[in-house]
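Following: one structure in structure tokens, then a few remarks.
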Amino acid sequence: MNYITPCIYAFGASLAFAIVFNIPRNKLLLAALGGMLGQLIYVIFQLLISNDVLPYLMATIAISLYAEVLARLTKSPTTIYLAVALIPLVPGGGIYYTMLYFINGEIDLGISTGIHTLLISGALAVGIIMVSSTVNLVRKVMLKGRSKIGKKLKYGKKT
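Each number in our numbering comes from the position in the sequence shown (counting from 1) with 5 added on.
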């Protein structure tokens with residue numbers, strides 16, 4: 006099975022959405038690379054883990070870390086990279102098939118597909134929240150440490 010092709014498609018889809026979202030030209034390729042990275046991580050973890058919700062979580066964690074690092078390096082908002090990179094992972098097919106099953110009267114299939122789609126969406130949300138919360142916590146701890154050092158230097162506190 007070819008594992009590189011989905012990554013190339015994810016890059017193209019992310020690039021197209023980056024253009025639609027009016028991402029600045031100098032950040033287009035970086036944003037699209039995030040989508041490719043997410044798909045690559047998803048494919049790798051899909052080979053290792055039989056459950057398909059955990060690869061979504063791992064890919065989202067990787068994308069969120071990528072977005073946070075690039076946001077700091079390029080001095081731009083994290084959402085520029087995060088929103089574009091998540092596009093290939095969004096379970097649009099699951100949403101479509103859930104509604105199709107309900108419309109066609111296949112309630113059991115609709116419920117099971119809907120629950121699976123909600124689990125994937127939840128994995129995406131949890132991955133983003135985990136990384137964002139961790140980055141904010143680390144930043145607060147570092148700022149608090151800097152302010153204590155600054156106060157010691159300012160007031161000439163002896164140890």
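Ideal placement from N, C-alpha and C gives every residue a C-beta, glycine not left out.
Neighbourhood of residue i by C-beta, 7 Å cutoff - its chain only, sequence neighbours within 5 removed
i	result
H121	G99
Y131	It should be noted that the sequence gives Val, not Tyr, for residue 131. Hits under 7 Å: L62.
I68	G39, L42, G43, L87, A90 and L91
A23	L33, A36, A37 and V89
L129	Y61, T65, L91 and L94
V58	L124, I125 and A128
Y106	L114, G115 and T118
Buried or exposed by the 16-neighbour rule on C-beta atoms within 10 Å, applied to residue i
i	result
K13	Note that residue 13 is Ile in the sequence shown here, rather than Lys. Flag for I13 reads exposed.
V136	buried
T118	buried
T10	exposed
I54	exposed
Candidates the options, of which the one nearest residue i by Cα
i	options	result
F26	K149, V89 and K80	V89
L35	T103, D113, E111 and A72	A72
T65	I54, R144 and I125	I125
K80	G115, N31 and T139	N31
N141	I28, V74, A15 and N109	V74
G97	P82, A76 and L123	L123
Y47	R77, P29, A15 and G115	A15
T83	I134, K145, M147 and T10	I134
I28	I85, M147 and G17	I85
R77	K149, G150, L52 and R144	R144
Residues of its chain near residue i, where Cβ-Cβ distance is below 6 Å and the 5 sequence neighbours each way are ignored
i	result
L20	A37
G49	First, the residue type needs correcting, since residue 49 is Ile and not Gly in the sequence shown. Hits under 6 Å: none found.
Y8	V48
E111	none
Residues near residue i in its chain [Cβ-Cβ closer than 8 Å; skip 5 each side]
i	result
L70	V136
N109	none
A18	G40, I92 and P93
Proximity test, Cβ basis, 9 Å: residue i and chain C
i	result
M135	Absent from the structure: chain C. Only one protein chain is present.
Curious, which full-length alpha helix (DSSP H) runs of at least 4 residues does the stretch 57-90 contain? 58-79
Runs of 4 residues minimum, wholly inside the stretch 87-117: which ones carry the alpha helix (DSSP H) assignment? Correct list: 97-108.
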